[in-house]
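Numbering (the numbering used here), first residue to last: 412 to 521. Here the structure is laid out as structure tokens; the discussion comes afterwards.
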């Protein structure tokens with residue numbers, strides 16, 4: 412048993428220990444750059460001619476679309492941080508029955 416435990420301790424990534432200890436602090440941002448692409452929250456985009464708050468995640472069979480609500484940065488030890496996107500997701504399930512509603516004068520699919 413000790414041999415298995417020692418093998419595990421020798422093979423795990425040091426960042427795993429930082430994550431397991433929990434974040435030391437956090438910051439909330441209105442935007443960030445990921446792989447050279449600028450993302451901003453929908454609240455920040457209000458009133459601007461160009462919009463860049465949409466997000467898309469490829470799924471199995473169909474894609475997920477949403478808007479960015481908040482950018483949360485969790486700060487761990489040794490300068491490590493993890494950025495999370497809080498999103499409002501739209502239901503794009505192709506098997507779901509849809510209807511239309513009037514929203515702010517625009518016809519929307521729900």
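Just so you know, even glycine gets a beta-carbon here, dropped at the ideal spot from N, CA and C. Remember, predicted model here, so these are calculated numbers, not experimental data.
Neighbour-count burial assignment, residue 479, 16 or more Cβ in a 10 Å radius: To locate residue 479, count along the chain shown from 1; it is residue 68. Its Cβ being crowded by 16 or more others within 10 Å, residue 479 is buried.
Three or more C-beta pairs below 8 Å linking the segment 422-434 and the segment 466-474: Because the criterion of three Cβ pairs below 8 Å is not met, the segment 422-434 and the segment 466-474 do not touch.
Cα-Cα separation, residue 487 to residue 460: For the purposes of this step, residue 487 is identified with residue 76 of the chain shown, where counting begins at 1. For the purposes of this step, residue 460 is identified with residue 49 of the chain shown, where counting begins at 1. Pairing residue 487 with residue 460, the inter-Cα distance amounts to about 37 Å.
Close beta carbons around residue 503, own chain, < 7 Å, minus the five adjacent residues each side: As a working note, residue 503 is residue 92 in the chain shown. Contacts found: 473, 474, 475, 476.
Distance, residue 463 Cα to residue 457 Cα: Within the chain shown, residue 457 is the residue found at index 46, counting from 1. Within the chain shown, residue 463 is the residue found at index 52, counting from 1. Computed Cα separation, rounded: 10 Å.
CA nearest to the CA of residue 428, picked from 498, 443, 491, 497: As a first step, residue 428 must be located in the chain shown, where it is residue number 17. Here the closest residue by C-alpha is 491.
Proximity below 7 Å, CB of residue 466 to CB of residue 452: Taking the chain shown and counting its residues from 1, the one referred to as residue 466 is at position 55. Taking the chain shown and counting its residues from 1, the one referred to as residue 452 is at position 41. It is not a contact, given that the beta carbons lie outside the stated cut-off.
For residue 469, the three-state DSSP class (helix, strand or coil): If you number the chain shown from 1, residue 469 lands on position 58. Residue state, collapsed to three classes: coil.
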